[in-house]
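Have a look at the structure below before the remarks.
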Amino acid sequence: MSAEYKDQDPIDIAKAAERDLNSNAAKQGNPTSLSAEESGIDQGVTKKFPGSTAEYGSKVSGAGDNREIPVEEGGDIQKGTGRATKAGDFDKGEAGEGPEHVRERYAQDQGGNDDVRSNIKNKEA
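Okay, so the sequence shown: first residue is 14 according to the working numbering, each after it adds one.
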C-alpha cells in the first residue's frame with residue numbers, strides 16, 4: 014500500500030472507491046481534455062488514487078517485441094545502432110544471452126549471407 018494511504022482503514026478506502034464508481038459522473042462520463050480523447054488515457058484519474066500513474070504506449074503494454082527494455086531491467090544502448098534494447102532483440106537467444114551473442118552465433122552459422130558484415134573485405138586498387 015502506498016504511503017498516501019498510511020494509517021487509513023482499507024475498508025474505508027474501498028468504500029470511498031465504490032462511492033466514486035457509483036457516481037453519475039463515473040457512469041455517464043466526465044468531461045475530458047482533448048489529449049485524453051485522442052490518446053484514450055485520462056491522466057486526471059491519478060488525482061483520485063494518490064501515488065498512481067497513468068502511462069500508455071508500447072513500453073507499458075508488454076505486448077509484442079517492440080517494448081523497450083529499461084536499463085534498470087537489464088536493457089542497454091545498442092553499440093552498432095545507438096538505439097535502446099527492445100524485447101525483440103532477445104527473442105532468438107538462449108536464456109541469459111543478449112543480442113550480441115545472437116549476432117555472433119548468426120555470423121558463425123550463416124557466414125556467407127550478405128547481412129553478415131564480417132565477411133566483407135574492402136580491397137584497395
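Backbone N, C-alpha and C define an ideal beta-carbon position, used for all residues, glycine too. The structure presented is a predicted model; accordingly, all values stated were derived computationally and were not measured.
Residue i burial status per 10 Å Cβ neighbour count (16 or more: buried)
i, result
"P112", "buried"
"T98", "buried"
Spatial distance of residue i from residue j (CA atoms)
i, j, result
"G87", "S52", "29 Å"
"A49", "A120", "47 Å"
"S131", "K61", "56 Å"
Chain-order list of residues whose beta-carbon lies under 7 Å from that of residue i (same chain, five-residue window excluded)
i, result
"A39", "D33"
Endpoints, the alpha helix (DSSP H) within which residue i is located
i, result
"N37", "N37 to Q41"
"R80", "No alpha helix (DSSP H) contains R80, which DSSP labels as neither H nor E."
"D122", "P112 to D122"
"I26", "P23 to L34"
Residues near residue i by beta carbon distance below 8 Å, same chain, minus five either side
i, result
"N79", "S71, K99, A100 and G101"
Reference residue i; option with closest CA among the options
i, options, result
"T45", "G57, G64 and N35", "G57"
"G64", "Q123, E17 and Q91", "E17"
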